[in-house]
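Visitor: Let me begin by handing over the structure; questions about it come next.
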Amino acid sequence: MNLFRLAGDLSHLLAIIILLIKIWKTRSCAGLSGKSQILFALVYITRYLDLVTTYISLYNSFMKVIFISTSLATIYLMYSKFRATYDKNHDSFRIEFLIIPCVILSLVINSNFTVLEVLWTFSIYLESVAILPQLFLVSKTGEAESITSHYLFALGSYRALYILNWIYRYYAEGHYELIAIFAGCVQTILYCDFFYLYVTKVLKGKKLQLPA
Amino acid sequence: KVDPEDHDEL
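Following this line, the structure appears as structure tokens:
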């Protein structure tokens with residue numbers, strides 16, 4: 001565990017907490033993509049199956065349980081409790097266009113052809129693109145509430161911090177996982193446009209509005 | 213030492 005990794009994990013946790021607080025306090029999930037949340041739940045479930053096979057540390061197991069349970073709680077809030085506020089018409093991204101290529105890619109490019117390893121690889125590929133329905137929703141409506149922007153910023157920062165962690169681990173421990181590094185870079189690149197808008201608009205107190 | 217198959221990151 002190094003500082004970048006810890007900061008990345010905490011940023012990830014912060015993103016999820018911001019999201020849950022936003023939904024709970026405003027009693028609304030307007031502006032949020034349920035499809036992205038379904039993809040994230042799928043990511044955590046397929047990646048953390050090793051919870052039952054491999055023990056790494058208390059921290060590791062605890063965070064995995066938190067990520068799985070909070071993602072399921074978010075889906076429950078969006079599709080059941082606050083369903084009436086869910087912006088279904090704008091959340092029209094076809095997630096099969098992301099899931100199917102990730103399934104194929106994980107079957108072809110993986111480090112070991114076992115069930116757990118392929119599912120882990122699938123989750124890494126899927127995570128890199130799971131935010132696309134949310135970004136698509138923001139681009140369709142042309143704006144995002146500032147709380148949604150904070151959520152996206154924290155979520156995007158997490159993988160960017162992981163990249164620093166991977167660089168550190170490569171030099172300090174000689175450890176690297178090419179699949180995770182490649183997908184993590186793709187994931188971070190997808191957020192770049194949003195990061196730019198966040199820094200130039202939201203941090204200056206303006207609403208995140210896309211240029212017409 | 214962590215086995216490379218045991219992914220120790222989240």
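Protein chains in written order, with our numbering: chain Y, 1 to 212; chain D, 213 to 222.
All C-beta atoms, glycine included, are put in the ideal place defined by N, C-alpha and C.
Bear in mind that the values here come from a model prediction, so they are computed numbers and not experimental data.
1) With burial defined as no fewer than 16 other Cβ atoms inside 10 Å of the residue's Cβ, what is the status of Y44/Y: buried or exposed?
2) On the DSSP bridge assignment, give the partners of L208/Y in chain order.
3) Would you kindly work out how many angstroms separate the C-alpha atoms of F243/Y and K201/Y, rounded to a whole number?
4) Examine chain D for any beta-carbon lying closer than 9 angstroms to the beta-carbon of Y191/Y, and answer yes or no.
5) Give every residue of the same chain whose Cβ lies closer than 8 angstroms to the Cβ of H175/Y, excluding the five residues on either side of it in the sequence, and list them in chain order.
6) Since N60/Y meets chain D, which of its residues come closer than 9 angstroms, beta carbon to beta carbon?
7) Give the single residue among K22/Y, V115/Y, L137/Y whose Cα lies nearest to the Cα of T53/Y.
8) Is the Cβ of M226/Y closer than 9 angstroms to any Cβ of chain D?
9) Report yes if the CB atom of D91/Y is closer than 9 angstroms to the CB atom of K35/Y, and no otherwise.
10) Rounded to the nearest angstrom, how far is the Cβ of A160/Y from that of F40/Y, given a contact under 8 angstroms?
11) Which residue from P133/Y, T85/Y, D9/Y, K88/Y puts its Cα closest to that of I99/Y?
12) According to DSSP, is L130/Y part of a helix, a strand, or is it coil?
13) With Y59/Y as the anchor, note down where its alpha helix (DSSP H) starts and where it stops.
14) Enumerate in chain order the residues of its own chain whose CB-to-CB distance from A180/Y is below 6 angstroms, with the five nearest sequence positions on each side excluded.
15) Any beta-carbon of chain D closer than 9 angstroms to the one on Y162/Y?
16) Strictly under 9 angstroms for the Cβ-Cβ distance: is R27/Y near chain D by that measure?
17) Using only alpha-carbon positions, find the residue among L32/Y, L10/Y, D9/Y that is nearest to L20/Y.
18) Are the CB atoms of L126/Y and L203/Y within a distance shorter than 9 angstroms?
Guide: In terms of the structure at hand:
1) buried
2) A144/Y
3) The requested residue 243/Y does not occur in the structure, where chain Y is confined to residues 1 to 212.
4) no
5) R169
6) D220, E221, L222
7) V115/Y
8) The structure shown does not extend to residue 226/Y, since chain Y is modelled only from 1 through 212, so no value can be given for it.
9) yes
10) About 17 angstroms separates the two Cβ atoms, so there is no contact after all.
11) P133/Y
12) Looking at the sequence provided, one finds Ala at residue 130/Y rather than Leu. Coil.
13) 58-76
14) I124
15) yes
16) no
17) L32/Y
18) no
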